Structures are given as C-alpha cells and as structure tokens.
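Numbering (the working numbering), first residue to last: 270 to 549.
Ideal Cβ placement from N, Cα and C applies to all residues, glycine included.
It should be emphasised that the depicted structure is a prediction, and the values quoted were computed from it without experimental measurement.
What follows is a set of notes on a single structure, which appears directly below.
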C-alpha cells in the first residue's frame, strides 16, 4: 500500500461527489455495464499506481508493470479470456476513475461507509494485519499495553493506521504526521516508541532499513481487508463473477503465494521473515 492515507483522499473526493451519486447511478444504468463491455471487447481495464511496491510497481525504463495486484489482475483477466489493459492512476483518483468508467476494477480498496456510497466492493481478497515498527527495547505484547499516556505512537494522519490507533489506543500520545515515511523517521529518531503500519508495509520498511527497530504483532490481532472496487451499476454480474474468482483464488492458496513472491522480488522480504501468526 503505498500509503494508506492516500486511500482516504479518495473518500474526500468521493464525498464531494455524493450530491450527484443518484444522478450518476441512474446515468450508469443507461450505459453498457462493465460485464457486458468486457464480454464484448475481451479487454479488462484495471487501475494501477506507480511507486507502490509491492502492491504496484512500474519499471520506468521498460514501462512494465509488476506487483501482486498486477499478478492478481492478470489472473482475473486470464479467467475471462480477456486482455489486461492497465491504466495508471493514483490512490486518490481510483474511486473517481471507477465512477467515470475509465477502469473496470481497482485492486486495493478497503471498504468504508463513505466509499460504499459511490462505488461497489468485492469480498475481501486478503487480510492485512496491523503491526508495530517499534524502537529497540520497546516490545509490548497487547494493544492494551499501548493504550497508556506515556506511550508515543506515530501514524500517517487520516490513514487506516490512524483509525485503528484512535480506536484502540485513545489514551496514548498519538503523533499524527503527513506521511508514513515521516512516522518511520519519528521512531528512528526517538520521537515515537512505535509506528503502526499494515504488515505488508511494515515488512518492506524493515527490509530496507533494519536499523529502525523491530516488528511487533500485538494481540488481539487488528486487521483491515483489501478488496476490489467497481463502478456502481444495476447489473451485478461483474461483482458476482469477481467474488467467485476471489473464493477460488483464496481456496487454492494462491493469494498468499502471490503476495509473498512479490514481497521477496520487489521489497526483499523473504517468506521466513513474515511472522508465523500472519495469515493473508
């Protein structure tokens, strides 16, 4: 992800659009549905974000896309006997691109009530547990141990990391910073005891800069889901098909396989570095 804060930007953009949601939905019903268009053209249009490894990664020299969301997109397209057409977007613009029918699907949205007003969501593709990037010597076992006035927790403001800390650790000193990288620096410089991150991002941080500290998985496990987003429309065949594909992909064990393979290739995180308690 990447910075989950940017997902929230899509909510702000979507929120501004709620005044014309009903109009847009009615208008969508008069156009060709995503399912009908994919069947007709045999092309699947997905959004992708640059600089978001291991989720998405674009080689600037070759233009080739990599990342586990790209691999999932290729798998979904293959199941449809369709060509994958990748459209560059941003976390913040992904919802708008779905609404405006520029893309058929975006991998990597976690559902919120605000987003659900303007786009549809699939079932969860995988779970992304929240962990700590903690300074050396700081090793809490539970979220309750973090919920103390003397504990300093850094987060990127407005992100899912911010939301989970606000909910579970209201008594802690929550240091809200502009970017996830700023929160990591706060731990590194001693301004914070820890940073809360989704496990995929935390492992990437530690792989690139092991001197920051260590990873802690507090109990009980707190997690967010990673879902696919779609344009709202009355024809639900596209969403229903994707949910069946997700169920089959998860049952086969391919989700974990694809995530771990890309984390190793793009982030240098070996499978044995992933905490045994983590389940995708």
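A Cβ-Cβ separation of about 7 Å places residue 524 in contact with residue 394 under the 8 Å criterion.
Here the C-alpha atom of residue 334 lies approximately 7 Å from the C-alpha atom of residue 325. Burial is judged here by how many other beta carbons sit within 10 angstroms of a residue's own beta carbon; residue 319 has fewer than 16 and is exposed.
Here the region 481-496 makes contact with the region 395-405; the two share three or more CB pairs at distances below 8 Å. When 365, 315, 337 and 362 are compared, the shortest CA-CA separation from residue 355 is found for 315.
Inter-residue distance for residue 358 and residue 413 is about 38 Å (C-alpha atoms, whole angstroms). When only Cα atoms are considered, residue 480 and residue 453 end up about 11 Å apart. No Cβ-Cβ contact shorter than 9 Å links residue 365 with residue 496. The criterion of a C-beta distance shorter than 9 Å is satisfied by residue 421 and residue 444. Rounded to the nearest whole angstrom, the C-alpha separation of residue 425 and residue 431 is 6 Å.
Short of 6 Å from the beta carbon of residue 311, and not among the five residues preceding or following it, lie these beta carbons of its own chain, in chain order: 351. The criterion of a C-beta distance shorter than 9 Å is not satisfied by residue 369 and residue 508. Residue environment for residue 437: buried (at least 16 other C-beta atoms within 10 angstroms of its C-beta). Rounded to the nearest whole angstrom, the C-alpha separation of residue 322 and residue 300 is 35 Å.
Contact between residue 388 and residue 499 holds, with the beta-carbon distance rounding to 6 Å and staying under 8 Å. For the alpha helix (DSSP H) assignment, the uninterrupted runs of no fewer than 4 residues enclosed by the region 296-369 are, from N- to C-terminal side, 303-310, 337-348 and 363-368. In the DSSP assignment, residue 515 falls within the unbroken alpha helix (DSSP H) covering 506-520.
Taking C-alpha positions only, residue 451 is separated from residue 464 by approximately 10 Å.
Rounded to whole angstroms, the gap between the alpha carbons of residue 477 and residue 307 is 40 Å. Judged by DSSP in its simplified three-state form, residue 485 adopts strand. Within the region 365-406, complete alpha helix (DSSP H) segments of at least 4 residues are found at 382-385, given in chain order.
Boundaries of the alpha helix (DSSP H) around residue 431: 429-437.
Here the alpha carbon of residue 367 sits roughly 39 Å from the alpha carbon of residue 482.
Secondary-structure assignment with DSSP links residue 464 through a beta bridge to 402 and 423. Excluding its 5 nearest sequence neighbours in each direction, residue 380 has C-beta neighbours in its own chain below 8 Å: 390, 494 and 496, listed in chain order.
The shortest C-alpha to C-alpha distance from residue 361 to any of 415, 427, 340 and 347 is the one to 427. Remark: C-beta atoms of residue 305 and residue 338 do not approach each other more closely than 9 Å.
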